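>
2 protein chains.
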Amino acid sequence: MLTPERHKLILQLIKEKGVVKIQDLVDLTETSESTIRRDLTQLEEGKYLKRIHGGAARLQGKLQEPSMTEKSSKNLQQKRQIAKYAAGLVEEGDSIYLDAGSTVTEIIPFLPSKEIVVVTNGLMHINALLERNIKTFIIGGFAKEQTKAIIGRGAMASLEHYRFDKCFMGVNGIHPQFGYTTPDQDEAMIKQMAISLSREAFILADDTKFSEIAFAKIADLHTATIITNGLDEEHQEPYASKTTIKVVTA
Amino acid sequence: MLTPERHKLILQLIKEKGVVKIQDLVDLTETSESTIRRDLTQLEEGKYLKRIHGGAARLQGKLQEPSMTEKSSKNLQQKRQIAKYAAGLVEEGDSIYLDAGSTVTEIIPFLPSKEIVVVTNGLMHINALLERNIKTFIIGGFAKEQTKAIIGRGAMASLEHYRFDKCFMGVNGIHPQFGYTTPDQDEAMIKQMAISLSREAFILADDTKFSEIAFAKIADLHTATIITNGLDEEHQEPYASKTTIKVVTA
DNA sequence: TCAAAAATAATCAAAATCAATCATTTTATC
DNA sequence: GATAAAATGATTGATTTTGATTATTTTTGA
Numbered sequence: 001m002l003t004p005e006r007h008k009l010i011l012q013l014i015k016e017k018g019v020v021k022i023q024d025l026v027d028l029t030e031t032s033e034s035t036i037r038r039d040l041t042q043l044e045e046g047k048y049l050k051r052i053h054g055g056a057a058r059l060q061g062k063l064q065e066p067s068m069t070e071k072s073s074k075n076l077q078q079k080r081q082i083a084k085y086a087a088g089l090v091e092e093g094d095s096i097y098l099d100a101g102s103t104v105t106e107i108i109p110f111l112p113s114k115e116i117v118v119v120t121n122g123l124m125h126i127n128a129l130l131e132r133n134i135k136t137f138i139i140g141g142f143a144k145e146q147t148k149a150i151i152g153r154g155a156m157a158s159l160e161h162y163r164f165d166k167c168f169m170g171v172n173g174i175h176p177q178f179g180y181t182t183p184d185q186d187e188a189m190i191k192q193m194a195i196s197l198s199r200e201a202f203i204l205a206d207d208t209k210f211s212e213i214a215f216a217k218i219a220d221l222h223t224a225t226i227i228t229n230g231l232d233e234e235h236q237e238p239y240a241s242k243t244t245i246k247v248v249t250a
Numbered sequence: 001m002l003t004p005e006r007h008k009l010i011l012q013l014i015k016e017k018g019v020v021k022i023q024d025l026v027d028l029t030e031t032s033e034s035t036i037r038r039d040l041t042q043l044e045e046g047k048y049l050k051r052i053h054g055g056a057a058r059l060q061g062k063l064q065e066p067s068m069t070e071k072s073s074k075n076l077q078q079k080r081q082i083a084k085y086a087a088g089l090v091e092e093g094d095s096i097y098l099d100a101g102s103t104v105t106e107i108i109p110f111l112p113s114k115e116i117v118v119v120t121n122g123l124m125h126i127n128a129l130l131e132r133n134i135k136t137f138i139i140g141g142f143a144k145e146q147t148k149a150i151i152g153r154g155a156m157a158s159l160e161h162y163r164f165d166k167c168f169m170g171v172n173g174i175h176p177q178f179g180y181t182t183p184d185q186d187e188a189m190i191k192q193m194a195i196s197l198s199r200e201a202f203i204l205a206d207d208t209k210f211s212e213i214a215f216a217k218i219a220d221l222h223t224a225t226i227i228t229n230g231l232d233e234e235h236q237e238p239y240a241s242k243t244t245i246k247v248v249t250a
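Just so you know, the sequences run in chain order A and B.
Mapping to the UniProt record's numbering: the first sequence position 232 is 232, numbers consecutive.
Mapping to the UniProt record's numbering: the second sequence position 166 is 166, numbers consecutive.
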């Protein structure tokens, strides 16, 4: 195994578990203790981790991702959290629909790459999907400039040819009475259809979307499961009886 | 195996896996270790990858596309010439089909932006088209990674819904007897269909494409008009009787 | 505190990988 | 077809990485 591969594995494991034992790394990488020790020394020098007696630990101290404003960084973190959880729902062999939208894009890095099929109307997803070598189909139709989404009659007809195990999408409003809503009627129709073509549908939404209402109705609450974060129990109440909410915690 | 082929394979594998071992590349390309080492050295110089002990790794530094070689820059000038002429053929109110491919992309900046409708299977064209506020439809189907083209059965069905005044495409081979050819059969079928759905079809080709034959046949010469440059009269002769050639001059 | 156990660091030889060289083959040019 | 140029594959010795060994330090538990 090549050095960078090992380093990557080590960092990955440390990121997940916080601390790791040397012996675990030896087993994981199938190399000798000496090699692992050398790796840890190097990684510590590069400030990627902290060595501790018996292994190594993640350093929480600091710089993970520079640049990015306060808001968008926090926002992105939230999106990632939600996206990561959503990706965890995808199983090998699934066919899934990814609706256009920046929140949904965040799912892609976490998807299992083998044996899944993705259908999407989101042009912004294409590069990320192809880079991960995921089998990707795009639906045909009119390309809308602002949102880089494929919409319109043709898109509906194109979508009709597929069936999905799961679909993931963002919305602009979630309301106990008015259900899921979005500003553009054409996009609403696509979303609605995608939900109806999926065995399970998931709405990805940060807490600002709750109690909001946008122009075009997509569907009633019960037709999809909501994945969100940081929504306290009090605010969940009006929705809890009408649909399933998964609150992802940090 | 030819050098550019190997380089392509190497980059492809590295893109997929992040890191590759030299021995894997030797097996993959069925050449010697020496050759692979030389390849890696060259590719590293061109900033396409980073050599590591035992193999090579993808560089995340980012800038992927820029580095244009001597050759491709000259090539680009030719492409632009051809593309500009082709764009001049488009009239207001036309519906046109732009096939996937780098030559065709060059048409976009020269297109009249008002009152035309573009249909394409080329994902690489989308951004340029939307930036110019051109009414754009994309056909649905399987997204092929290497060429960023939409292909397959779905694409054929999707294409079927449209009719065009003109269509523009590149090819890999033009031959008096074997007509227009391209390496990928799926792409050939799409091209063929696009031609048959168009009132007029145009092939954009620099002079290196003449007398070449690729694997999959698209159509006979007479089905399209060839737009090329720098092809002297002597070489035009075998084709002139079978189709129309427009030679663009500098 | 002290001794045993565990973990670490230092050392070294073997293995793997590397760069440089050269003879041979392939390709391009006249 | 002859020649030059480029690409290739094998070989060599140098360098890097690795795993085992041994000595040193840290931790553990009585």
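Ideal Cβ positions, reconstructed from N, Cα and C, are used throughout, including at glycine.
Treat the numbers as computed from the prediction; the structure is a model and nothing was measured.
1. Residues in its own chain within less than 7 angstroms of residue 184 (chain B) by CB, not counting five upstream and five downstream?
2. Show which residues of chain B have a CB atom less than 7 angstroms away from the CB atom of residue 161 (chain A).
3. From residue 40 (chain A) to residue 219 (chain A), what does the alpha carbon distance come to, in whole angstroms?
4. For residue 223 (chain A), which residues in chain B fall below 9 angstroms Cβ to Cβ?
5. For chain A, check one thing: does any of its Cβ atoms lie closer than 8 angstroms to the Cβ of residue 41 (chain B)?
6. Can you name the residues of chain A whose CB is closer than 9 angstroms to the CB of residue 175 (chain B)?
7. Helix, strand or coil, according to DSSP, for residue 48 (chain B) in the structure here?
8. Provide the residue span of the alpha helix (DSSP H) that contains residue 242 (chain A), from first to last.
9. Using 8 angstroms as the cut-off, can you tell me whether the segment 142 to 162 of chain A makes contact with the segment 120 to 132 of chain A, which would need three or more C-beta pairs spanning the two stretches below that distance?
10. Less than 8 angstroms between the CB atoms is what I'm expecting for residue 170 (chain A) and residue 204 (chain A), so what's the real figure, rounded?
11. Reducing DSSP to helix, strand and coil, say where residue 128 (chain A) ends up.
12. With a cut-off of 8 angstroms, does the C-beta of residue 98 (chain A) fall near any C-beta of chain B?
13. Report the CB separation of residue 225 (chain B) from residue 200 (chain B) in whole angstroms; it is logged as a contact under 8 angstroms.
14. For residue 103 (chain A), which residues of its own chain have a beta-carbon under 6 angstroms away from its beta-carbon, when the five flanking residues on both sides are left out?
15. So with Cβ pairs under 8 angstroms, would you call residue 130 (chain B) a contact of chain A?
16. Who are the near neighbours of residue 94 (chain A) in its chain, counting only those whose CB is closer than 7 angstroms to its CB and skipping five residues on each side?
17. Determine the burial state of residue 134 (chain A): buried for a count of at least 16 other Cβ atoms within 10 Å of its Cβ, exposed for fewer.
18. According to DSSP, is residue 30 (chain A) helix, strand or coil?
19. If I measure Cβ to Cβ from residue 207 (chain A) and keep anything under 8 angstroms in the same chain, skipping five residues before and after, which residues do I get?
20. 8 angstroms is my cut-off, CB to CB: does residue 63 (chain A) come that close to chain B?
21. Where do the ends of the beta strand (DSSP E) carrying residue 169 (chain B) lie?
22. Using the DSSP secondary-structure output, state which residues sit across from residue 133 (chain A) in a beta bridge.
23. Indicate the three-state DSSP secondary structure (helix, strand or coil) for residue 110 (chain A) in the structure shown.
24. Could you give the distance in angstroms between the alpha-carbon of residue 143 (chain B) and the alpha-carbon of residue 193 (chain B)?
25. What residue range is occupied by the uninterrupted alpha helix (DSSP H) comprising residue 154 (chain B)?
26. When Cβ atoms are compared, which residues of the segment 100 to 122 of chain A fall closer than 8 angstroms to chain B?
27. Taking only beta-carbon atoms, is residue 19 (chain B) less than 8 angstroms away from chain A?
28. What are the start and end residues of the alpha helix (DSSP H) that includes residue 7 (chain A)?
29. What residue range is occupied by the uninterrupted alpha helix (DSSP H) comprising residue 187 (chain A)?
30. Pick out whichever of B:81, B:99 and B:127 has its Cα sitting closest to the Cα of residue 110 (chain B).
31. Which residue comes first and which comes last in the alpha helix (DSSP H) that contains residue 228 (chain A)?
32. Exposed or buried, which one is residue 106 (chain B) when buried takes at least 16 other CB atoms within 10 Å?
33. Taking C-beta pairs closer than 8 angstroms, name the residues in chain A that residue 143 (chain B) reaches, listed in chain order.
34. Residue 233 (chain A) to residue 240 (chain A), Cα distance in whole Å?
35. How big is the Cα-Cα spacing for residue 99 (chain A) and residue 190 (chain B)?
36. If you follow the beta strand (DSSP E) that residue 118 (chain A) is in, where does it begin and where does it stop?
On the basis of the data shown:
1. Counting from 1 along the second sequence, the entry for residue 184 (chain B) is found at position 184. Scanning its chain for C-beta atoms nearer than 7 angstroms, with the 5 sequence neighbours on each side dropped, one finds around residue 184 (chain B) the residues 216, in chain order.
2. On the first sequence, residue 161 (chain A) is found 161 positions in, with the first residue counted as 1. The answer, in chain order, is 154.
3. Along the first sequence, read from residue 1 onward, the residue named residue 40 (chain A) stands at position 40. Along the first sequence, read from residue 1 onward, the residue named residue 219 (chain A) stands at position 219. Rounded to whole angstroms, residue 40 (chain A) to residue 219 (chain A) spans 52 angstroms at the Cα level.
4. Position 223 of the first sequence, counted from the first residue, corresponds to residue 223 (chain A). Those within 9 angstroms of residue 223 (chain A) in chain B number zero; the least Cβ separation is about 24 angstroms.
5. Sequence index remark: in the second sequence, residue 41 (chain B) carries index 41 (1-based). No, residue 41 (chain B) does not count as interfacial toward chain A.
6. Within the second sequence, the letter at position 175 stands for residue 175 (chain B). Scanning chain A for C-beta atoms nearer than 9 angstroms to the C-beta of residue 175 (chain B) yields nothing, as the closest lies near 32 angstroms away.
7. Here residue 48 (chain B) corresponds to residue number 48 of the second sequence, with the count starting at 1. Coil at residue 48 (chain B), not helix or strand.
8. For the purposes of this step, residue 242 (chain A) is identified with residue 242 of the first sequence, where counting begins at 1. Annotation: residue 242 (chain A) is outside any alpha helix (DSSP H) and is labelled neither H nor E by DSSP.
9. When Cβ pairs closer than 8 angstroms are counted between the two stretches, the segment 142 to 162 of chain A is seen to touch the segment 120 to 132 of chain A, the count reaching three or more.
10. Position 170 of the first sequence holds residue 170 (chain A). Position 204 of the first sequence holds residue 204 (chain A). Here residue 170 (chain A) really is in contact with residue 204 (chain A); their C-beta atoms are around 5 angstroms apart, less than 8 angstroms.
11. Against the first sequence, residue 128 (chain A) aligns to sequence position 128. In the structure shown, residue 128 (chain A) adopts helical secondary structure according to DSSP, grouped into three states.
12. Taking the first residue of the first sequence as position 1, residue 98 (chain A) is located at position 98. Interface with chain B (8 angstroms Cβ-Cβ cutoff): residue 98 (chain A) is excluded.
13. Taking the first residue of the second sequence as 1, we reach residue 225 (chain B) at position 225. Taking the first residue of the second sequence as 1, we reach residue 200 (chain B) at position 200. About 7 angstroms separates the two Cβ atoms, so the contact holds.
14. Against the first sequence, residue 103 (chain A) aligns to sequence position 103. 79, 170 and 204, listed in sequence order.
15. Locating residue 130 (chain B) in the second sequence gives position 130, where the first residue counts as 1. By the rule that beta-carbons nearer than 8 angstroms mark a contact, residue 130 (chain B) touches chain A.
16. Mapped onto the first sequence, residue 94 (chain A) falls at position 94. Excluding five sequence positions before and after residue 94 (chain A), the CB atoms of its chain that fall closer than 7 angstroms to its own CB belong to 116, 165 and 166, given in chain order.
17. Position 134 of the first sequence holds residue 134 (chain A). Classification for residue 134 (chain A): buried.
18. Stepping through the first sequence from its first residue, residue 30 (chain A) is reached at position 30. If DSSP states are grouped into helix, strand and coil, residue 30 (chain A) belongs with coil.
19. Translated into the one-based positions of the first sequence, residue 207 (chain A) becomes position 207. For residue 207 (chain A), where only same-chain residues beyond five positions count, the Cβ hits under 8 angstroms are 228, 229, 230, 231 and 235.
20. Taking the first residue of the first sequence as position 1, residue 63 (chain A) is located at position 63. Residue placement at residue 63 (chain A) cannot be trusted, given a pLDDT of 38 that sits under 50; the coordinates are not used to answer.
21. As a working mapping, residue 169 (chain B) is identified with position 169 in the second sequence. First-last of the beta strand (DSSP E) with residue 169 (chain B): 164 to 170.
22. As a first step, residue 133 (chain A) must be located in the first sequence, where it is residue number 133. DSSP links residue 133 (chain A) through a beta bridge to no other residue.
23. Residue 110 (chain A) sits at position 110 when you count from the first residue of the first sequence. In this structure, residue 110 (chain A) counts as helix in the three-state DSSP scheme.
24. Counting from 1 along the second sequence, the entry for residue 143 (chain B) is found at position 143. Counting from 1 along the second sequence, the entry for residue 193 (chain B) is found at position 193. Distance between the alpha carbons of residue 143 (chain B) and residue 193 (chain B) is about 18 angstroms.
25. In the second sequence, residue 154 (chain B) corresponds to position 154, counting from 1. Bounds of the alpha helix (DSSP H) holding residue 154 (chain B) are 153 to 159.
26. Hits within the stretch: zero.
27. As a working note, residue 19 (chain B) is residue 19 in the second sequence. Residue 19 (chain B) has a beta carbon lying within less than 8 angstroms of a beta carbon in chain A.
28. Reading the first sequence from its first residue, position 7 is the one you call residue 7 (chain A). Run containing residue 7 (chain A): 3 to 17, per the alpha helix (DSSP H) assignment.
29. Within the first sequence, residue 187 (chain A) is the residue found at index 187, counting from 1. Unbroken alpha helix (DSSP H) run through residue 187 (chain A): 185 to 196.
30. Counting from 1 along the second sequence, the entry for residue 110 (chain B) is found at position 110. Nearest C-alpha to residue 110 (chain B): B:81.
31. Taking the first residue of the first sequence as 1, we reach residue 228 (chain A) at position 228. Element bounds for residue 228 (chain A): not the alpha helix (DSSP H) but the beta strand (DSSP E), 225 to 229.
32. Here residue 106 (chain B) corresponds to residue number 106 of the second sequence, with the count starting at 1. Residue 106 (chain B) comes out buried.
33. What you label residue 143 (chain B) is simply residue 143 of the second sequence in a count that begins at 1. Going along chain A in sequence order, the residues near residue 143 (chain B) (Cβ under 8 angstroms) are 126, 129, 130, 136, 137 and 138.
34. Position 233 of the first sequence, counting from 1, holds the residue named residue 233 (chain A). Position 240 of the first sequence, counting from 1, holds the residue named residue 240 (chain A). Cα to Cα, residue 233 (chain A) sits roughly 9 angstroms from residue 240 (chain A).
35. Stepping through the first sequence from its first residue, residue 99 (chain A) is reached at position 99. Stepping through the second sequence from its first residue, residue 190 (chain B) is reached at position 190. Their backbone Cα atoms lie some 26 angstroms apart in a straight line.
36. If you number the first sequence from 1, residue 118 (chain A) lands on position 118. That run of the beta strand (DSSP E) goes 117 to 120.
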